[in-house]
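Numbering (mature numbering (1 follows the signal peptide of the UniProt record, and there is no 0)), first residue to last: -25 to -1, 1 to 862. Idealized CB from N, CA, C, for every residue including glycine. Notes for the one structure printed next.
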Amino acid sequence: MQKKKCLIFTIISFLFIAISCSLNASITVYDLKCENLTNPNAIDNTSPHLSWKIKYTKGAMQQQYYEIQVASDSMSLLGNKADLWNSGKQKSAASVMVPYKGKGLASRSLCYWRVRVWNSKNEVSGWSEINRFGVGIIDKEDAQGSYIGLSPAAGNIQSPILRKSFNVTGINTSFLHVNALGYCEVYINGRKVSDDVLSPAVSQLNKRSLIVTYDVTPYLKEGKNDLVLWLAKGWYRKNTFDAVYDGPLVKAQLDIKESNGWNTLVATDSSWKGRHGGYIETGIWQALRFAGEKLDGRVLPKDLNPTTLDQMSWYPVAEIGVPEHKATPVMTEPDKIQETLMPQNITQLGDSTWLVDMGKVLNGWFKIRLPQLNEGQEVLMEYTDFMKEGKFDDQGQSDIYVGVGNGTDVFCNKFHSHAFRYIRISNLAAKPNKEDIKAYLIHTDYHQASTFECSDPELNAIHNMIQYTMKCLAYSGYMVDCPHLERAGYGGDGNSSTESLQTMYNVAPLFTNWMQAWDDSMREGGSLPHVAPNPGAGGGGPYWCGFIIMAPWQTYLNYNDPRLIEKHYPAMKEWLGYVEKYTVDGLLKRWPDTPYRDWFLGDWLAPIGVDSGNERSINLVNNCFVSDCFSKMEKIAGILGKPDEAKEFASRRDKLNQLLQKTYYNKDEKMYSTGSQLDMSYPMLVGVTPPTLYDEVKERLLSLTAERHNNHIAVGLVGVPILTKWAIENKAADFMYTMLKKHDYPGYLHMIDNGATTTWEYWSGERSRVHNCYNGIGMWFYQAVGGIRTDEDKPGYQHVIIEPQIPEGVSWAKTTKESPYGTISVDWKLTDGKLTINAVLPVGSTGSVILPRNATGCKLNGKAVKAKNNSVAINNGSYSLEILLGN
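Below you can see the structure in the form of structure tokens.
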């Protein structure tokens, strides 16, 4: 009888919600997130932030109030009972990163929440869908189990399958917390739990490991269950992060939620069993030596069903003492397979050698169903991202498959990835079939947040190449320079492309993870490496280390997410203290190399003929970057409520700028240092150049570009985003457009004309053909041609600056940007002296349309309007502006 009452109540509750929503269908609340994640099973704190988006079908609206309900179970919410937090009707327009203010949460808390909103007309939305978030294991006393690995008695311990059987009586919500040192895949009763791959994300493994939490409720059954953890070393090695064991390790616990709290049903200990999984790593995970995997099909289990596993031999596991370190819940999405590619061509190179062309470069896995093999036959697969003069360019990437010989041989990567377009397959007599080959593009499970298209197909091609390249570089919870040769999270490459990446994709969680690794990588006295996580030395300079400042700031601007500037502000100041240590007479000079950091660069990989290694250029660029950091720190300190520190940073910047002007400006030549595009643009960008000299320096930059470089781009990794930013701020659209339209060296069209599907490491195409050197140009398509820019005073596109910069030769552009508040769209067209801009802003955003200097009149939605301060204000909703242009 009790069950019947609950059922009736549930039906009534759903009926009530359905009626409520239909009555308020003009307002919809959607896309709920906690800590910028959708329904996270385990966050790393007890003070989360909640966000949502709003759609309104009647035009413009402003959220005037919100109400948030949080409960310990979803049925309570359906009954309008919020035992953890009922905010009540709060007067606020906030809908992004709203702090939780309910009852205190604890490790392993599980919370359900929903939200509704009101507008100024007192119209109220229906309740949103119910979402969920959990607090992970953040208290040591809640962590159960020991770190275990396969015992050497089993033979090869590199990629073990660890197994445990257990009984379940009563299926309730069940979470499996997995703290792997290395990679881990999870299987229950023969089924893979989730479609994650290459999990967990990266971390500074000698200081922090990550806990991945899975909701395994759907995989359990009454009675006997079988849990399998399949491991591999990944970055956990003695030569990278001082691993204490030659094989991968894991600590895990299976918790079931009961009326009195969580009960740990299974934990890792010596009672588990293990065996070799068939995969052997062939590289040492250092630059140029990643190699790949050797898969022995004779060892590989045909499946992971308990009945199959019961027929195999099993060996003891070893409990391993791991040095004390932080183990915290992962705060970024996992890696997943995002795209499946089929081969374009298969060409015979020899009697038993074949070349497979996948059509474009990708980072991920290769899978092939092999023709009939003999038992023990070894097939070699080698990978490269390009063919050099028609020949296979050996990049040290390879896999080996050892055949079973029964006609069922299939190879696929599991715990390694490659960057490749071409695969050379050796020792295979029969030609493989196209339908038996696949390649899988893998990246962190972020989503695309922008689109761009304009009237110039060559601009579209450049944009699309850069946008696709980002997918190949941003994975495993960080962004690499290249996925195959170094696989390193270089701060310089990050600074070069962060603004482009964050414009094109929703990657706030990825940066949360990556910045944690940067903070963890700091040494005593504020010294930072050039790479984080930091498994070894990497080259760079201050622009690389200063990622600790720039990335949190850019994340705040793009996503209205203040967590990173708050959390890492102490580390930012500590690093600037290190900079001060090597400042001589007011200017930063070369600091010493260390075992974890090499070189002291200014720009890097500029085109041939640009003297970026000149000491005066290096010192100018690095000190301009320090000035840039002081400016960001002034703003960050102000946001954090530290006005005295903000003034101090402003003062240090002004003094440095005056010294740079005095030291590096040649009055006679109207030129800074070497006169390179970077040497000229960076002083103007950071305020070194006095207003009285600005125009002459600007003209000198333009003339030097024409005279020295025939209007080609002439900067490298550091210079690309700085020159791009300068061009945007100076509305130099024709200057940038002319450079982008060059088909010869150096240039993006030169890459495309030479077969590029991703951007290169060198303008000339040496070494890597999928790299993060030159992707900073990506922001120009959106901020200049597309005309969508953020406002530092109202970050996260809460206020949008709309100002298309139209190069001569471009007649229309269509641009969208998915912001924290919803989709922004700017669609403009230039016809016969009239500029038409159709703009759409989401609820929560306002905008300012900046009129061109030669505007003679403006109509907004068909009615004449007068501009205020050369701009027209718009709210959320749809708008059409018709702007008449003079000669």
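*What is the rounded straight-line gap between the Cα of A512 and the Cα of V385?*
38 Å
*Figure out for me which residue from S149, N97, G101, V92 has the closest Cα to the Cα of G109.*
S149
*asked:* So, with DSSP's three-state summary, where would you put C9?
replied: strand
*On the three-state DSSP scale, how would you describe V596?*
helix
*Own chain residues within Cβ distance below 7 Å of P665, not counting five before or after*: Q636
*When you compare each of T798, K196, K208, K199 to C159 by their alpha carbons, which one comes out closest?*
K208
*Taking 8 Å as the threshold, find out whether the region 284 to 293 comes into contact with the region 304 to 315 through three or more Cβ pairs.*
A contact is defined here as three or more CB-CB pairs under 8 Å, and the region 284 to 293 fails this definition with respect to the region 304 to 315.
*Report whether the distance from the Cβ of G740 to the nearest heavy atom of the ligand ZN is below 7 Å.*
Absence of the ligand ZN from the depicted structure is noted, as is the absence of any ligand whatsoever, leaving it without description.
_Between the alpha carbons of M714 and H687, how many angstroms are there, rounded?_
5 Å
*Give me whichever residues DSSP pairs with F108 in a beta bridge.*
C86
*Pick out whichever of R764, L125, E10 has its Cα sitting closest to the Cα of S820.*
R764
*Does the region 120 to 132 come close enough to the region 26 to 38 that 3 or more CB-CB pairs lie under 8 Å?*
no
_Does F216 come out as helix, strand or coil in the three-state DSSP assignment?_
helix
*Can you give the Cα-Cα distance for L810 and G500, rounded to whole angstroms?*
55 Å
*With a cut-off of 8 Å on the beta carbons, I'd call S853 and S823 a contact; round off their distance for me.*
About 16 Å; that fails the 8 Å criterion.
*Measure the C-alpha to C-alpha separation of F486 and Q529 and round it to an integer number of angstroms.*
10 Å
*Buried or exposed for V559, please, with buried defined as at least 16 other CB atoms from any protein chain shown within 10 angstroms of its CB.*
exposed
*May I have the straight-line CA-CA distance separating Q(-24) from S1, to the nearest angstrom?*
Residue placement at Q(-24) is flagged as unreliable, the pLDDT there being 42, under the threshold of 50; the coordinate-derived value follows with that caveat. C-alpha separation (whole angstroms): 38 Å.
*For Q65, write down the residues that DSSP places opposite it in a beta bridge.*
Y41
*E793 in three-state terms, based on DSSP*: DSSP places E793 in the strand class (E or B) of the three-state scheme.
*Do I812 and I777 come within 8 Å of each other at the CB atom, strictly closer than that value?*
Cβ distance < 8 Å, so I777 and I812 count as in contact.
*With a threshold of 16 other CB atoms inside 10 Å of the CB of N470, please say whether the residue is buried or exposed.*
buried
*asked:* Using CA atoms only, rank isn't needed, just tell me which of K717, Y194, R627, Y737 is closest to P582.
replied: Of K717, Y194, R627, Y737, the residue nearest in Cα terms is Y737.
*Is it true that the region 778 to 794 meets the region 415 to 434, where meeting means three or more beta-carbon pairs spaced less than 8 Å apart?*
Judged by Cβ distances under 8 Å, the region 778 to 794 makes contact with the region 415 to 434, as three or more pairs qualify.
*Use the C-beta contact count for R828: other C-beta atoms within 10 angstroms, 16 or more gives buried, fewer gives exposed.*
exposed
*asked:* Using a Cβ-Cβ cutoff of less than 7 Å, which residues in the same chain neighbour S656 once the five nearest sequence positions on both sides are dropped?
replied: L676, I697, L698, W701
_By the three-class DSSP mapping on this structure, what secondary structure does W493 have?_
helix
*So, is S(-4) buried or exposed, given that buried needs 16 or more other C-beta atoms within 10 angstroms?*
Confidence is the limiting factor: at S(-4) the pLDDT is only 38, short of 50, which leaves the residue's position unreliable, though a coordinate-based value still follows. By the 10 Å Cβ count, S(-4) comes out exposed.
*Determine which residues share a DSSP beta bridge with E428 and list them.*
K789
*According to DSSP, is V818 helix, strand or coil?*
In the structure shown, V818 falls within a coil segment according to DSSP collapsed to helix, strand and coil.
_Member of S626, P135, S49, L52 whose CA lies at the smallest distance from the CA of H251_ = P135
*Would a C-beta distance cut-off of 8 Å place A707 and I781 closer than the cut-off?*
no
*What is the DSSP secondary structure of residue 863, counted as helix, strand or coil?*
Missing from the structure shown is residue 863; the chain here goes from -25 to 862 and no further.
*Are K301 and R183 close, meaning C-beta to C-beta below 8 Å?*
yes
_Could you compute how far the alpha carbon of M36 sits from the alpha carbon of R91?_
14 Å
*Could you tell me which residues DSSP puts in a beta bridge with S401?*
T328, L355
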